[in-house]
Every structure is written in structure tokens, then in C-alpha cells.
């Protein structure tokens, strides 16, 4: 008796998850939340830029008014110094009056120089805030500082 046996084996592995844990829905929710966050970050940046622009603009306007006021104060201080010098020469003022007038004039000149500087810097900050600041904008400032 001749017994021949043919045996063959075939294997198949198949993985079918019965429950994926709402992974797809969670990824969609996460993506939507990230989109909302990006939109909110953009709005916050726009508000910050708008606030910086307004602050710089009103700073420049205020500084220009301060410069005008200090220019008038400088002229007034110069007149007071001249009057005190004349009064000292004719004997109706003492030297402390002249020195006080000189001190007042120099304080006014110092304040005027600082106000002018603040207006220049404020103008640069305004250009920076609205995105128009260029390297060429610094040339006039550098020329003033070189004097």
C-alpha cells in the first residue's frame, strides 16, 4: 500500500480593530482647535500692532506740542537772562539773579533737546509700528547726532 499524503498550509493574518477610540474625530477636533488658536493669535497680533501704532502716533503729536512749548520757554528764559544781566549792570539785580536765569535757560535748553530727541525716536517707532521703517530713515537722525 502506497500512502501518499499531500499537505499544504496557507496562513492569513488579518487585523481588524473593532474600536479605534474615535481617533479620526479627535484629530479633526484638534485641527479645528489649532485653527482657532492661530486665528486668535493673529487677532491678538493685529491688536498689539494697532495699539503700538496709536501710542507712537500720539507720542509724536504730544512731543511736537512739547517742542513748541519749550521753544517758547527758551525764548522767554533768554529774555529773562538778558533782563537780569542788564539789571545787574545797572545795579538793581544781584549776581545770583543772573545765575538763576542762566540755570533756568540751560534747563530749558536741555529739556528742549530731550523733547526733540523724543520726537525723532517717536517718529521712528511710528514707522516701525506701521511697517514702513527703512534703513534710510536713520540717516537724518545719524546726521543730527553727528553734529
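In this note's numbering, the protein residues as written are -3 to 143.
Cβ atoms here follow ideal geometry from the backbone N, Cα and C, with glycine treated the same way.
Reduced DSSP category for residue 9 - H, G, I as helix; E, B as strand; rest coil: coil
Inter-stretch contact (C-beta, 8 Å, three-pair minimum) for the region 103 to 123 and the region 80 to 93: no
Backbone CA spacing between residue 134 and residue 125 [nearest angstrom]: 15 Å
Beta-carbon proximity list for residue 114, same chain, < 6 Å, skipping 5 on both sides: 59
Proximity below 8 Å, CB of residue 98 to CB of residue 120: no
Proximity to residue 68 [Cα-Cα], best of 35, 33, 83, 107: 107
Beta-carbon proximity list for residue 137, same chain, < 6 Å, skipping 5 on both sides: 116
Enclosing alpha helix (DSSP H) for residue 92 [first to last residue]: 91 to 125
For residue 129 and residue 53, believed in contact at Cβ under 8 Å, the rounded distance: Between residue 129 and residue 53 the Cβ distance is about 14 Å, and since that is not below 8 Å, they are no contact.
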